[in-house]
């Protein structure tokens, strides 16, 4: 499977994938903005879904899901 790419955050910080329990999300290393999490059981598919949201720039502020 190919590499899943996360673009830089609008603040200029690097984004990273994080695994929290059985959920995966992307978060900026500088400002902390994050995507909604996805179930990580389908690792590549979940990463791609998270990356699509991040790279589309649809995040308005810190997003958390419980």
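Numbering (our numbering), first residue to last: 11 to 76.
Even for Gly, the Cβ is constructed at its ideal location relative to N, Cα and C.
Quick caveat: nothing in here was measured; it's all calculated off a predicted structure.
Self-check item: Collapsed DSSP secondary structure at residue 36 in the structure displayed
Solution: Within the chain shown, numbered from 1, the residue matching residue 36 stands at position 26. Correct three-state label for residue 36: strand.
Quiz item: residue 66 by DSSP, collapsed to three states: which one?
Solution: For the purposes of this step, residue 66 is taken as residue 56 along the chain shown, with counting starting at 1. Helix, per DSSP.
Self-check item: Classification of residue 56 by the beta-carbon crowding that lies within 10 angstroms, buried from 16 upward
Solution: The residue labelled residue 56 in the question sits at position 46 within the chain shown. The residue is buried, with at least 16 neighbouring Cβ atoms inside 10 Å.
Self-check item: Terminal residues of the beta strand (DSSP E) in which residue 25 lies
Solution: Position 15 of the chain shown, counted from the first residue, corresponds to residue 25. Its beta strand (DSSP E) spans residues 25–30.
Practice problem: Tell me whether the beta-carbon of residue 15 lies closer than 9 Å to the beta-carbon of residue 61. | Solution: The count along the chain shown starts at 1 and reaches residue 15 at position 5. The count along the chain shown starts at 1 and reaches residue 61 at position 51. Closer than 9 Å, so yes.
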